[in-house]
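The numbering used here numbers the first residue of the sequence shown as 73 and each following residue consecutively.
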Amino acid sequence: MSAESRRVEVYPGCEAVVEFDPDLTFECVEDCTWCCHHGVLLYDRDLIELAQRANLSETTTDFRGEKFVTRERKDRDTHVAEDGHACAFLREDGLCSLHLEDDWKPTRCSVFPLAVWLEEDGLHVDIRESAHDHCDGLNVSERTVVDNLEAFLPAVLWDLENPDSEREL
73 MSAESRRVEV
83 YPGCEAVVEF
93 DPDLTFECVE
103 DCTWCCHHGV
113 LLYDRDLIEL
123 AQRANLSETT
133 TDFRGEKFVT
143 RERKDRDTHV
153 AEDGHACAFL
163 REDGLCSLHL
173 EDDWKPTRCS
183 VFPLAVWLEE
193 DGLHVDIRES
203 AHDHCDGLNV
213 SERTVVDNLE
223 AFLPAVLWDL
233 ENPDSEREL
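What follows is the structure, given as structure tokens:
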């Protein structure tokens with residue numbers, strides 16, 4: 073644990089080693105959708121939840137032995153990555169159909185813009201390097217991340233063998 077990091081209890085018995093500035097704030101901003109341009113890794117519990125909401129054979133893909141939400145070509149110029157693709161659940165208006173219509177997000181979507189990984193001393197959390205360059209929601213609100221970690225870190229992360237959030241499609 074570095075000098076700047078500190079342990080924070082997120083849930084009873086579930087601590088995270090926080091590596092980022094405790095004054096950092098985050099709030100999703102309208103029209104950003106940058107986090108939706110990448111493949112979303114699905115953990116086992118996410119697959120069970122998603123199967124109740126969508127056809128898995130149409131909305132997921134296998135990559136290196138792991139399941140991801142499909143990135144699909146979108147016929148528009150907004151809310152897409154440079155290659156014209158985005159998450160299968162990202163609507164034309166830039167909103168997520170899973171979150172908006174089902175009030176649910178895959179674990180990896182909840183975690184964003186945080187990076188999560190496991191070390192011997194526990195679960196570590198920092199801001200993704202790429203978020204500093206692309207995420208418009210950092211430091212634009214009064215909502216401090218450290219005081220709202222339960223909104224970003226679903227309890228399932230402490231049960232996972234490999235919660236590393238850097239794995240991408």
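The beta-carbon is built from N, C-alpha and C at its ideal position, and this holds for glycine as well.
Based on Cα-Cα distance, which residue from the options lies nearest to residue i?
{"i": "Tyr83", "options": "Leu114, Leu241, Asp219, Leu190", "result": "Asp219"}
{"i": "Val212", "options": "His157, Asp95, Glu87", "result": "Asp95"}
{"i": "Gly209", "options": "Tyr115, Glu144, Glu99", "result": "Glu99"}
{"i": "Asp231", "options": "Lys177, Glu76, Lys139, Gly85", "result": "Gly85"}
{"i": "Gly111", "options": "Trp176, Phe184, Asp198, Thr216", "result": "Phe184"}
{"i": "Lys177", "options": "Val217, Asp93, Glu238, Pro226", "result": "Pro226"}
{"i": "Arg148", "options": "Phe140, Asp165, Phe135, Lys139", "result": "Asp165"}
{"i": "Phe135", "options": "Val188, Leu114, Ala153", "result": "Leu114"}
{"i": "Arg239", "options": "His151, Leu167, Trp189, Ala126", "result": "Trp189"}
{"i": "Glu233", "options": "Glu191, Leu167, Arg215", "result": "Glu191"}
{"i": "Glu91", "options": "Asp174, Lys139, Val217", "result": "Val217"}
{"i": "Glu214", "options": "Asp93, Glu76, Thr97", "result": "Thr97"}
{"i": "Cys104", "options": "Asp174, Ser77, Val228, Leu167", "result": "Leu167"}
Just verifying my parser: in three-state terms, what is the DSSP assignment at residue i?
{"i": "Leu231", "result": "Leu is not the amino acid found at residue 231; the sequence shown has Asp there. Asp231: helix per DSSP, three-state reduction."}
{"i": "Val112", "result": "coil"}
{"i": "Thr131", "result": "helix"}
{"i": "Cys104", "result": "coil"}
{"i": "Arg125", "result": "coil"}
{"i": "Phe224", "result": "helix"}
{"i": "Val152", "result": "coil"}
{"i": "Arg136", "result": "coil"}
{"i": "Arg239", "result": "coil"}
Got a sec? Which residues, its chain only, sit under 7 Å from residue i by beta carbon, not counting five neighbours each side?
{"i": "Thr142", "result": "Thr131, Thr132, Thr133, Ala160"}
{"i": "Leu221", "result": "Val80, Val82, Ala88"}
{"i": "Val101", "result": "Asp208, Gly209, Val212"}
For residue i, is the classification buried or exposed, using 16 other Cβ atoms within 10 angstroms of its Cβ as the cut-off for buried?
{"i": "Asp118", "result": "buried"}
{"i": "Ala158", "result": "buried"}
{"i": "Arg180", "result": "buried"}
{"i": "His196", "result": "buried"}
{"i": "Ala223", "result": "exposed"}
{"i": "Val204", "result": "Here residue 204 is His; the residue named in the question, Val, does not match the sequence. His204 should be labelled exposed."}
{"i": "Ser129", "result": "exposed"}
{"i": "Thr150", "result": "exposed"}
Leaving out five residues before and five after residue i in sequence, what residues of the same chain have Cβ atoms less than 6 Å from its Cβ?
{"i": "His171", "result": "Lys177"}
{"i": "Cys108", "result": "Ala158, Cys159, Leu162"}
{"i": "Arg145", "result": "Gly156, His157"}
{"i": "Asp174", "result": "Arg125"}
Leaving out the 5 sequence neighbours to the left and right, which residues in its chain are closer than 8 Å to residue i when beta-carbon positions are compared?
{"i": "Ser182", "result": "Ala223, Phe224, Leu225, Pro226"}
- Which residue spans inside the region 154 to 179 form an unbroken alpha helix (DSSP H) run of at least 4? 169 to 174
- Item | Ranges of the beta strand (DSSP E) found wholly within the region 186 to 216, counting only runs of at least 3 | 186 to 191, 194 to 199
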